[in-house]
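Letter 247 of the sequence shown, counting from 1, is numbered 950 in this note's numbering, and no numbers are missing. Every residue gets a Cβ at the ideal spot worked out from N, C-alpha and C, and that includes glycine. A quick note: this is a predicted structure, and the numbers were derived from the prediction, not measured. Report on the structure given below.
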Amino acid sequence: MNDIKIIGSETKDLAVIVVDGIIKDIGRLRDLEAKHDLSTSPRYDCGGGCLLPGLVDGHSHPVFAGDRVHEFAMKLAGATYMEVQAAGGGIHFTTTKTREASKAALVSDFKKIADQMLKFGTTTLEAKSGYGLNWETELKMLEAIEDVSADHPLEISGTFCGAHAVPKGKNEDEQCREIVDKMIPKLRQIKREGQLKSLENIDVFCEKGVFEIETSKEILTAGKAAGFHINFHADELNPLGGAEMGASIGARAMSHLEEISSNGISEMVSSGTVATLLPSTAYMLRLKPPPAREMIENGVIVALGSGTKITPSSA
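This is how it looks when you write it as structure tokens:
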């Protein structure tokens, strides 16, 4: 945060040279004209505007079917995230719809979302599965992410999130065993065969009543051993110590962190783990905002995520 360089000019003659999509030089126009042959280069007047780096969106759920607009009234009436889920809504509702959807439909919808994100300045996107919770649908979602990644200007980093929730008919331990003993080995083999090139990360919703600390740790360490980066939901609704656990196993990033402790912040600094904050999610769920200023002042690397999903929910 302290290393941002501000370039100013009283004559407002600043310019940026871009070659093949890459920034080649920045400075005063007359200085750049002296350094480079710009005689045949197209010029665009950005007067009155602002040039910003592309947004790196570190947390999104852009592959899904259906919407949860009907849950908005419950949220306005004060229902919590877990209360909505207990009533059969939330992730479970979207899981049902996503299981029913074809891969072609998921790809088509994701492309539309990706187009909108690119239009508004996102250039790199982390994209999760997590609305299948079984092998067939999780693979379908990851294949949809792969298809869009291969054919879209956005740079997309795929994330396996089979531990987004405990599916109906299973308990936490059963889903853990399904993921650790079956899903992760299958994904590792698929990657070895050169498929799912966009798949890079593993995620768990580490939360009270979903996947507790030890279960989350087992899934994440199994994913890391299979070659995936750890990037997971931590300390969102309850102060479980997810940040401390994630730091201890070398997590590359953790998201949400509304309930992170001061010790968790210290551990994230030591491990160099990125804190991906989702301000719109905290707002929609009426959660207290994460301690962003405390994180920054203590040296945590802070990134932003949209939590993208076209619904008045957050995941």
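At the C-beta level, G1010 and H762 come within 7 Å of one another. Annotated as proximal: A950 and T976, with beta-carbon spacing under 7 Å. By the CB criterion at 7 Å, H867 and F908 fall inside the cutoff.
For L981, the CB contacts under 8 Å within the same chain, skipping 5 residues up- and downstream, are H762, S958, H959, L1007, G1008, S1009, G1010 and S1017 in chain order. By the criterion of a C-beta distance shorter than 6 Å, G865 is surrounded in its chain by E841, I882 and M886, once the five residues flanking it on both sides are discounted. Within the model, the alpha-carbon separation for H855 versus L899 is close to 15 Å. In the DSSP assignment, A776 forms no beta bridge with any residue. Using a Cβ-Cβ distance cut-off of 8 Å, the stretch 993 to 1002 and the stretch 963 to 973 are in contact, since at least three pairs of beta carbons, one from each stretch, lie closer than that value. Residue burial is scored here from C-beta neighbours: E939 has at least 16 other C-beta atoms within 10 angstroms and is therefore classed as buried.
According to the DSSP assignment, N1001 belongs to the alpha helix (DSSP H) that extends over A995 to N1001. Every unbroken stretch of the beta strand (DSSP E) spanning 3 or more residues and falling wholly within the stretch 823 to 883 is given here in chain order: 825 to 831 and 858 to 866.
Apart from the 5 residues on each side of it in sequence, P942 sits with its Cβ closer than 7 Å to the Cβ of E962 and S964 in its chain, given in chain order.
Boundaries of the alpha helix (DSSP H) around D734: L732 to K738. For the pair A782 and L809, the CB atoms are not nearer than the 7 Å cut-off. Pairing A956 with T924 gives a Cβ-Cβ distance that is not under 7 Å. When beta bridges are read from the DSSP output, D760 appears opposite L828.
Relative to the Cα of G953, the nearest Cα in the group H936, M971 and G944 belongs to M971. Annotation for I963: no beta strand (DSSP E) segment contains it, and DSSP assigns it neither H nor E.
In its chain, beyond the 5 residues on either side, S860, G861, T862, F931 and H932 have a beta carbon closer than 8 Å to the beta carbon of E903.
Considering only S852, G833, K889 and L758, the residue with the shortest C-alpha distance to T825 is L758. Contiguous alpha helix (DSSP H) elements confined to the stretch 904 to 961 occur at 916 to 928 and 945 to 951, taking only those with 4 or more residues.
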